[in-house]
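Protein chains: 2
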Amino acid sequence: MFDFNYYTPTKVVFGKNSESKVAELIKEFGGKKILIHYGGGSVVRSGLLKRVTDILDIAGLEYVILGGAVPNPHLGLVYEGIEICKKEKVDFLLALGGGSAIDSAKAIGYGVFNEGEVWDFYDYKRQAKGCLPLGVILTIAATGSEMSDSSVITKEEGLIKRGYSSDFGRPKFAVLNPELTMTLPDYQTSCGCTDIMMHTMERYFTNGGNMEITDSIAEGLLRTVKKNALILHKDPSDYDARAEVMWAGSLSHNGLTGCGNDGGDWMTHKLEHELGGLYDVAHGAGLAAIWGSWARYVYKDCLARFKKFALNVMEVKDCGSDEEIALAGIEAMEEFYRSIEMPTNLRELGVKPTDEELVLMAKKCAVGVGGEMGSAKVLNEEAMLAIYRASM
Amino acid sequence: MFDFNYYTPTKVVFGKNSESKVAELIKEFGGKKILIHYGGGSVVRSGLLKRVTDILDIAGLEYVILGGAVPNPHLGLVYEGIEICKKEKVDFLLALGGGSAIDSAKAIGYGVFNEGEVWDFYDYKRQAKGCLPLGVILTIAATGSEMSDSSVITKEEGLIKRGYSSDFGRPKFAVLNPELTMTLPDYQTSCGCTDIMMHTMERYFTNGGNMEITDSIAEGLLRTVKKNALILHKDPSDYDARAEVMWAGSLSHNGLTGCGNDGGDWMTHKLEHELGGLYDVAHGAGLAAIWGSWARYVYKDCLARFKKFALNVMEVKDCGSDEEIALAGIEAMEEFYRSIEMPTNLRELGVKPTDEELVLMAKKCAVGVGGEMGSAKVLNEEAMLAIYRASM
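First to last, the protein sequences are chains A and B. Residue numbers for the first sequence follow our numbering, beginning at 7 and rising by one. Residue numbers for the second sequence follow our numbering, beginning at 7 and rising by one.
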């Protein structure tokens, strides 16, 4: 068992029509001039943006609007947001959307609060001293960025995708209304469920000691998402299933499912980041496409955890050798991915990198993690390449 | 499923020697002049108080000290603390101890921040507008007050015990070092484990809808505390078991195990509060002494939840009627209480109220909850009296 810090200051307002409270929440945290930041046009088409600006108008709050955050959000738009905030004297950020809008807003917040080049933080060169306060109205349950300390930005030049984590980036509030996720395409719902499960699984597959209470929370969360992802695959309008998945998304990445562990493995995420940087694939689908190959490469070095996962999450029968049970758990997870139309290899993901590109991805991934990384098993560049090749 | 708010801003620093960070934590939250508030002499005898004042001295932080918070902490000491804070211009409170010291400190914080009579908040007359910032170094895992919004104070005149809940009262930080709980008497460890489980059970036994993910967290937490309470009963120095129980204590009462529920039942707590007000019994032991009688009185009106509890927490075999399974779960819980030397009725608790006193307690309890209360089953004064009588 490891010592840990746990800090989740985000005020969560969960339920139907909870976005109606956005103005009072912004005022509670001192916001007067707001940058509303969103991604694609869905928040326009759904009427959410109009509803929010109406609420801010009535409350007498000033705002400017910046859309256009794409999946794997780009540094260029972050620069644009920083410029607008400085020019308009913005003192509060409101992200409408999912991880793209939130992560982009976090980067804007770091760029406004701190002098100098914002990419420095993502390039491991220095630490932020603060961040403009940020609120979120979530429209897709996936990245958990609404409560997490992390944001991921892609630099267009060289398609370099990097994450930065700081408690300053944790949103002040998160408005979670499951109804806002009802209109998501099934593929995005499945990608979101995959991402949510992976945030807990990255923390779960470790060799560094663990806490029973954290394991029980992690396993309960994974069972809940698995069950409700299947419900949503059949009936996307099931409110309760939407709510279970949405709350799981926040809890999966706010730190709760890692308390007492060694920080987690995170290599599936790192391997996917290179993929996402090069191909602009949906993050959740990329994770699903990599995970099975990663798991088969590492499970023998983390056998007790893979067995526990098989028994307590995938509900595999407790018979056979530890290795057989662990492998049955991996297979059951892949079967689950397929049942919600997620890929289990790069081919199913729809990308066909050449072997030269795989070599390049492995090289970039190794550089990105400082040579080698992993808790279930420490992976170097050679191991990363082997996993990429196995995932073809 | 109900809408909910979730707000747990307390920064948790968990692990061995974590109290060494107390000065930097106080500075992070802006504290300059501190009131150190503690309960009995154990923090003096163990050397913790000296260690903390040494750290503050080195950090150049000024402080005054007020001990004497008793279990079921008294209003008189709260007044004394308020006086000291005003006179000494204290801007930060540091509670060393368990629920008594923390709850007393919260009340002092309300009293300093707000004009007028502090008992008003506990007497449901008005709401606090703020609270002096508060940090905690926890020495007993029990009340969860280190992350919760609640505090319970007893007014000496008439021995009236009342709770007040406000987000302003949530501590800024909580230092959780399981080693600090190693020297607790076994009885207090058992009382703490009971209190922790009850905080989740009060939220669990409801008729108002629930969330699967919350249930899975609640059940996992209860199984963890049950298992580790038994370990600590045999080996009080087991660090991992101390850590599991300590973290469970904070999660059990910070709101996590009630998300999506109707707010919970809380009648066992209310019934115990009258007992604790009259007899100064240990809170956890009082809860254990009441719970079985409460459960038998209400379980038929909340059968699905009692069955789920029996199967998923007490690991009762899934055979027989729902009622039989529910009753087996209640019996198993009482058996667990007995196995950690907790009472399951008032006799075992060591108090012998006359029937007149039971009538008075039921009357005071009914007044305290505004006539009737409960979610598993709504209880009026007559029902409260029946449960008190059954618990003799």
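In this text, a Cβ means the ideal position worked out from N, Cα and C, and glycines have one as well.
Checking contacts by CB at 9 Å: is P15/B closer than that to chain A?
-> yes
Residues of chain B with a CB under 9 Å from the CB of E25/A: which are they?
-> Within chain B, not a single residue places a beta-carbon under 9 Å from that of E25/A; the smallest gap is close to 12 Å.
Counting contacts by CB-CB distance shorter than 9 Å, is G226/B in contact with chain A?
-> yes
Residues from the segment 248-259 of chain A in contact with chain B, defined by Cβ distance under 8 Å = A249, E250, W253, A254, L257
Test item: CB-CB of G87/B and L41/B under 9 Å = yes
Does DSSP put H275/B in a helix, a strand or coil?
-> Secondary structure at H275/B: helix, using DSSP grouped into helix, strand and coil.
Contacts around L140/A, its chain only, beta-carbon distance under 7 Å, and the 5 residues preceding and following it disregarded | L99, A101, A111, K112, G115, P177, K178
Report the rounded CA-to-CA distance for C197/A versus L236/A, giving the unit in angstroms.
-> 12 Å
Top-ranked residue by Cα proximity to Y193/A, from T16/A, L355/A, E378/A = L355/A
For V158/B, collect the residues of the same chain with a Cβ closer than 6 Å to its Cβ; drop the 5 residues on either side in sequence, then sort them by chain order.
-> D109, G169
Straight-line CA distance for R353/B to L62/B?
-> 46 Å
Nearest chain A C-beta to K22/B closer than 9 Å, yes or no?
-> yes
Indicate whether at least one CB of chain A lies closer than 9 Å to the CB of F229/B.
-> Rather than Phe, the amino acid found at residue 229/B in this sequence is Arg. Chain A contact via Cβ: present.
Which residues in the same chain as E278/A place their Cβ atom closer than 6 Å to its Cβ, once the five residues preceding and following it in sequence are excluded?
-> G292, L293, I296
Verify whether the separation of the beta carbon atoms of S154/A and G136/A is less than 9 Å.
-> no
Proximity test, Cβ basis, 9 Å: L262/B and chain D | Annotation note: the requested chain D is absent from the structure, which comprises protein chains A and B.
Around the Cβ of S397/A, are there at least 16 other Cβ atoms within 10 angstroms (buried) or fewer (exposed)?
-> Per the 10 Å Cβ criterion, buried.
Alpha carbon of H43/B to alpha carbon of V231/B, nearest angstrom = 28 Å
Identify whether G5/B lies in helix, strand or coil by the three-state DSSP scheme.
-> As displayed, chain B neither begins before 7 nor continues past 398, which places residue 5/B out of reach and without an answer.
What residues in its chain sit with their C-beta under 7 Å from that of F315/A, if we drop five residues either side in the sequence?
-> The residues are Y210, G335.
Given that I223/B touches chain A, what residues does it touch there, using C-beta distances under 7 Å?
-> Result: I223, G226.
Residue-level contact to chain B via CB, V18/A, 9 Å cutoff | At least one chain B Cβ lies under 9 Å of V18/A.
For E25/B, collect the residues of the same chain with a Cβ closer than 6 Å to its Cβ; drop the 5 residues on either side in sequence, then sort them by chain order.
-> I143, V181, N183
Answer with yes or no whether the minimum CB distance from Y245/B to chain A is below 9 Å.
-> yes
Given M252/A as reference, the closest of L284/B, A249/B, I219/B once Cα atoms are compared = I219/B
Comparing alpha-carbon positions, which option in G117/A, L54/A, E68/A lies nearest L81/A?
-> Check the Cα spacing between L81/A and each of G117/A, L54/A, E68/A: the tightest is with G117/A.
Whether Y285/B touches A392/B by CB criterion (9 Å) = no
How many Å lie between T274/A and L281/A at the Cα?
-> 11 Å
My guess is that K95/A and K161/A are in contact by the Cβ rule of under 8 Å, so how many angstroms apart are they, rounded?
-> That pair is no contact at about 27 Å.
Three-way DSSP call (helix, strand, coil) for N437/A in this model = Since the first residue shown for chain A is 7 and the last is 398, residue 437/A is missing from the structure and cannot be characterised.
Along the chain, which unbroken stretches of the beta strand (DSSP E) at least 3 residues long are found entirely within the segment 89-128 of chain A?
-> List check, beta strand (DSSP E) in window: 98-103.
Taking any Cβ of chain A, which residues in the segment 209-220 of chain B have a Cβ under 7 Å from it, in chain order?
-> So the close ones are M217, E218, I219.
Taking the alpha helix (DSSP H) that H289/B falls in, what are its first and last residues?
-> 289-304
Residue range of the beta strand (DSSP E) that V19/B falls in?
-> DSSP places V19/B inside the beta strand (DSSP E), whose first and last residues are 10-20.
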